[in-house]
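Protein chains in written order, with my numbering: chain A, 57 to 607; chain B, 36 to 472.
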């Protein structure tokens, strides 16, 4: 259902609430176009929410796709500018094996090449505000990271930026809405309406209310990512793509302060890195031909990742793995090439030749480049509409909360809350942390810390429910990591659900259904990693939610 | 310093939860000298106040409370339909189940209300009505099958921890089955900084203070209306039963006052843990803190917290994953004696299927509500509760297993966990002391 301002339809209807969809919606809206964004689930539910959470230059792609590295590095710098609160430095170590382990000439050539390689990457660092690489001796290496296996010769460092990719996506959608876009989550585009070889409208269905609607569109942008091939098939157009499944593991805490680049059993490069309150092991990359709605991590994927990380950090085997999570990346189509060698470049397909004029599909790309990709798409959209628009300003106008990063210490003192909790709120909300914490002055009950793992305050849940387009409880997984930490929602899920229900006026049955849905999502991510103490945690979760809650 | 002397005893009980406590007390009652080795509070110390034994599996969900079968009959029906369940294994001895329940609840009568033979229906913080053969004394007055008229479901004005509307919805759903009409209210309590951000333990201590429970009772009385028959409150009505918080509130309000069940963190769990400790001490069970290391079984010395213990019989009551009796480090194993884990439910109930080394994902199902083999994994035992080895032979004639370490049931969620703990604990304790059931 179009808003009253758009009875005549929209300039652009964007399909897909990933970072590209949200990014293009923001850019279009800021340039003065009328925009409708449709997302069948929540924002960042697909690959954007399952990325490694880095706005890196992609050193991995430097030899094959140097323009990808350059684009990503420059745009990482822009993201640091428009959302400084949401990013954090991750120094990476790239260790070498020692001569004592029988290194040959080839290995030494490789070290030398690595230094040159990383040195070349340094040329991109000023673009994203990173520090230059440093060569560490074995002594220095073990001093900074004693958990590495013995026998290493040294390392080079490289500097990358971590980010909360889910909130990056959310902030783009919120900004789009601030600029007049209609953003509809949990609303699926069911079909396209064509007239004389043109796509003129999109039909959709709201999954929460069951309501159907139709929106007329000047241009339709298909940014449905891994869902594109399927959506294309049922709507009479083709989106060439090599979808690849990527799995990550989360550990219950930070397993060190440096990212470690390691080699997997098949020679692929992978990593173990600290990220927010946990550590992440990633990533697998395998062709995926199934339904992206029906993904699961498998036992062999978990073993592959643990073995790879343990090759350099043996204690990972003793660590508690709390989740395995996944997404489908949308690499460009090429036949006869290994997954890793596929280009991370992006492409825009115009479907005019398939009787679908006015329809563009976006494929490929990287999280770090989402803004430049969105700019390119918006340029195309504006050209197709033949409309004069305002210039692109997405690289200089801060995202919501990105104008300033307040001091957590001052906020903690002013509002009487713990500083680590204030730090988490500043990280997620930037300057809007002041608004979040103003709630506790009005209502001291909102000082209740719901989750000790993630530092979630009752006030933050209430604020998110009011201001961040929450339609279902599980949306809070992506807004503030509700029930994603080591506790899996043991302490926090029910009280958080109660607060959301109060804000959104849900009755008890709805609350229970939403809670059940939230917990089911957690179970799916834990199934493949139930081992050690995580199994004890599962027993407690099951006792409380299933046994006592009847959920 | 000279090493502490070796302890010789009749029965060594490993584990101090409901199963271990019942076994130790039953063995003690039979005249045995009993030592308990316990490393830390296990899952019983985290329990919510209900002693769930069995719920009639054949009962239609809309059958009135009064029409439902008693606890023992319900256990018999479970035994008939779930052969891998400990009740199935012990089906010929289920006539003694009630003796065991009466024994355990009698031993812990400082916190547990006497059981009636049928399930009480107790509200939970999630808006669910939960059946329990026994429950803490602080909770009995909230039995939905007993309260007539209106049940006042309370939350606290000053604390966001419990939503009385959500809690009351559990009663709304069972009102047509003979339950009371619920009314959700907020009591004007904890409306100051310390109360607003307190943990359940903080709130319980605040209510124990002189005058606090009386004040709470007066606040409750102010909102009472005609027909209000009883009130249930969040499970924070004092940690120490001797503080008599519900009784003091009730005296002021003029109606019975009870707690609903607790999730985590759990004040009733701590209360139960303390009651068990007190009872073990009073009964003369020697409790050693620490893990059992280098334990090889009966007649051989086991190192427990710096002491050496030699026992004629062993009872493994070491729990499941929370307790630490069963662990998985890539593969499932029993942690004290290293016994094979080969009992479960569903497709893995057949002991010929070796599942202990399988990947976690293949031992679970995508729907979390479905039975999960991994969560039901534990020791396989014979009808005398002797653990069995990989070939199905008795490991040792004087080693017994009790409680969640025994496989074939999901103690966390299938509503029989405490019942299995009590029944197997009672049988194993008596057998270990040399008395048959």
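Built from N, CA and C at the ideal position, the CB exists for glycine as well.
Straight-line CA distance for residue 80(B) to residue 147(B)? Whole-angstrom Cα-Cα distance: 14 Å.
Count the other CB atoms within 10 Å of the CB of residue 53(B); is the residue buried (16 or more) or exposed (fewer)? Buried is the call here.
Rounded separation between residue 60(A) and residue 448(B) - CA only: Its pLDDT being 41, under 50, residue 60(A) is placed unreliably by the model, and nothing is read from it.
Are the C-beta of residue 584(A) and some C-beta of chain B separated by less than 7 Å? Chain B contact via Cβ: present.
Euclidean distance between Cα positions of residue 65(A) and residue 426(A): Their backbone Cα atoms lie some 26 Å apart in a straight line.
Pick from 372(B), 99(B) and 350(B) that is closest to residue 211(B), judged by C-alpha positions: Proximity to residue 211(B) across 372(B), 99(B) and 350(B) peaks at 99(B), based on C-alpha coordinates.
Any contact of the stretch 292-309 of chain A with the stretch 333-340 of chain A, i.e. 3+ C-beta pairs under 8 Å? Contact holds: three or more Cβ-Cβ distances are below 8 Å.
What residues from chain A crowd round residue 422(B), counting only those whose CB sits closer than 9 Å? By Cβ distance, chain A contributes nothing, its closest Cβ being about 20 Å from residue 422(B), past 9 Å.
Since residue 379(A) and residue 585(A) are thought to touch, with beta carbons under 8 Å apart, how far apart are those beta carbons, to the nearest angstrom? Yes, residue 379(A) and residue 585(A) are in contact; Cβ-Cβ is about 7 Å, under 8 Å.
Could you have a look at residue 249(A) and say whether DSSP puts it in helix, strand or coil? Correct three-state label for residue 249(A): strand.
Go through the stretch 126-210 of chain B residue by residue and report every complete run of the beta strand (DSSP E) that reaches 3 residues or more, in order. Qualifying beta strand (DSSP E) stretches, in chain order: 155-158, 164-167 and 185-191.
What whole-angstrom Cβ distance do residue 393(A) and residue 403(A) have, given they're in contact under 8 Å? Actually they are not in contact, since the Cβ atoms of residue 393(A) and residue 403(A) sit about 15 Å apart, beyond 8 Å.
Cross-chain neighbours of residue 521(B) in chain A, by beta carbon under 8 Å: No answer is possible for residue 521(B): it lies beyond the span of chain B, which begins at 36 and ends at 472.
Cβ shell of residue 62(A) (< 8 Å), same chain only, five flanking positions each side left out: The predicted position of residue 62(A) is uncertain, since its pLDDT is 49 and thus under 50; a value taken from the coordinates is nonetheless stated next. Counting only residues of its own chain and dropping the five nearest sequence neighbours on each side, residue 62(A) has a CB closer than 8 Å to the CB of 90, 92, 238 and 271.
Residue environment, residue 388(B), which counts as buried when at least 16 other CB atoms sit within 10 Å: Exposure of residue 388(B) is indicated by the presence of fewer than 16 other C-beta atoms within 10 angstroms of its C-beta.
In the structure shown, what three-state DSSP assignment does residue 146(A) receive? Residue state for residue 146(A) is assigned as strand, using DSSP reduced to three classes.
Quick check: is the beta carbon of residue 347(A) nearer than 7 Å to any beta carbon in chain D? As a matter of chain content, chain D is missing from the structure shown, whose protein chains are A and B.
Taking residue 247(B) as the reference, give the member of 266(B), 231(B), 224(B) and 268(B) with the closest Cα. Ranking 266(B), 231(B), 224(B) and 268(B) by Cα distance to residue 247(B) puts 224(B) first.
To be precise: take each residue of the stretch 201-219 of chain B, compare its Cβ to all Cβ atoms of chain A, and keep it if any distance is under 7 Å. Which residues remain? For the stretch 201-219 of chain B, which is checked against every Cβ of chain A, the residues closer than 7 Å are 201 and 204.
Can you confirm whether residue 285(A), when its beta carbon is compared against all beta carbons of chain B, has any partner nearer than 7 Å? Closer than 7 Å: no.
In chain B, which residues lie with their C-beta within 8 Å of the C-beta of residue 547(A)? In chain order, 299 and 300 make up the part of chain B whose C-beta sits under 8 Å from the C-beta of residue 547(A).
What is the residue span of the beta strand (DSSP E) that residue 527(A) lies within? Judged by DSSP secondary structure, residue 527(A) falls outside any beta strand (DSSP E); it is assigned neither H nor E.
Simplified DSSP assignment, three categories, for residue 335(A): Assignment of residue 335(A) by DSSP, reduced to helix, strand and coil, places it in the strand class.
Could you list the residues in the stretch 478-492 of chain A with a C-beta less than 7 Å from some C-beta on chain B, going in chain order? Residues: none.
Could you tell me whether the Cβ of residue 238(B) comes closer than 7 Å to any Cβ of chain A? No, because no Cβ of chain A sits closer than 7 Å to the Cβ of residue 238(B).
Distance between residue 187(A) and residue 568(A) (C-alpha atoms, nearest Å): When rounded, the distance between both Cα atoms is 49 Å.
Comparing alpha-carbon positions, which option in 289(B), 296(B), 115(B) and 273(B) lies nearest residue 262(B)? That would be 289(B), whose Cα lies nearest to the Cα of residue 262(B).
What is the DSSP secondary structure of residue 180(A), counted as helix, strand or coil? Secondary structure of residue 180(A) (DSSP, three-state): coil.
Among all the DSSP beta bridges, which residues are the ones paired with residue 325(A)? Residue 325(A) is bridged to 319(A).
Verify the CB distance criterion: does residue 503(A) have a CB-CB separation below 7 Å to chain B? A Cβ of chain B is located within less than 7 Å of the beta carbon of residue 503(A).
Which ranges does the beta strand (DSSP E) cover as unbroken runs of at least 3 residues, wholly within the stretch 201-237 of chain A, from first to last along the chain? Fully enclosed beta strand (DSSP E) runs of 3 or longer: 208-219.
Helix, strand or coil at residue 503(A) [DSSP, three-state]: In this structure, DSSP gives residue 503(A) a helical state, which the three-state scheme calls helix.
What are the residues in the stretch 348-372 of chain B lying within 8 Å of chain A by C-beta distance? Correct list: 355, 356, 357, 359, 362, 363, 364 and 365.
Can the beta-carbon of residue 290(A) be found less than 7 Å from the beta-carbon of residue 417(A)? Taking 7 Å as the Cβ cut-off, residue 290(A) and residue 417(A) do not qualify as a contacting pair.
Own chain, CB closer than 6 Å to residue 364(A), minus 5 neighbours either side, in chain order: When the five nearest sequence neighbours on each side are left out, the beta carbons in the same chain lying within less than 6 Å of the beta carbon of residue 364(A) are those of 318, 320 and 326, in order along the chain.
Could you check whether the Cβ of residue 97(A) sits closer than 7 Å to any Cβ belonging to chain B? No, no contact with chain B.
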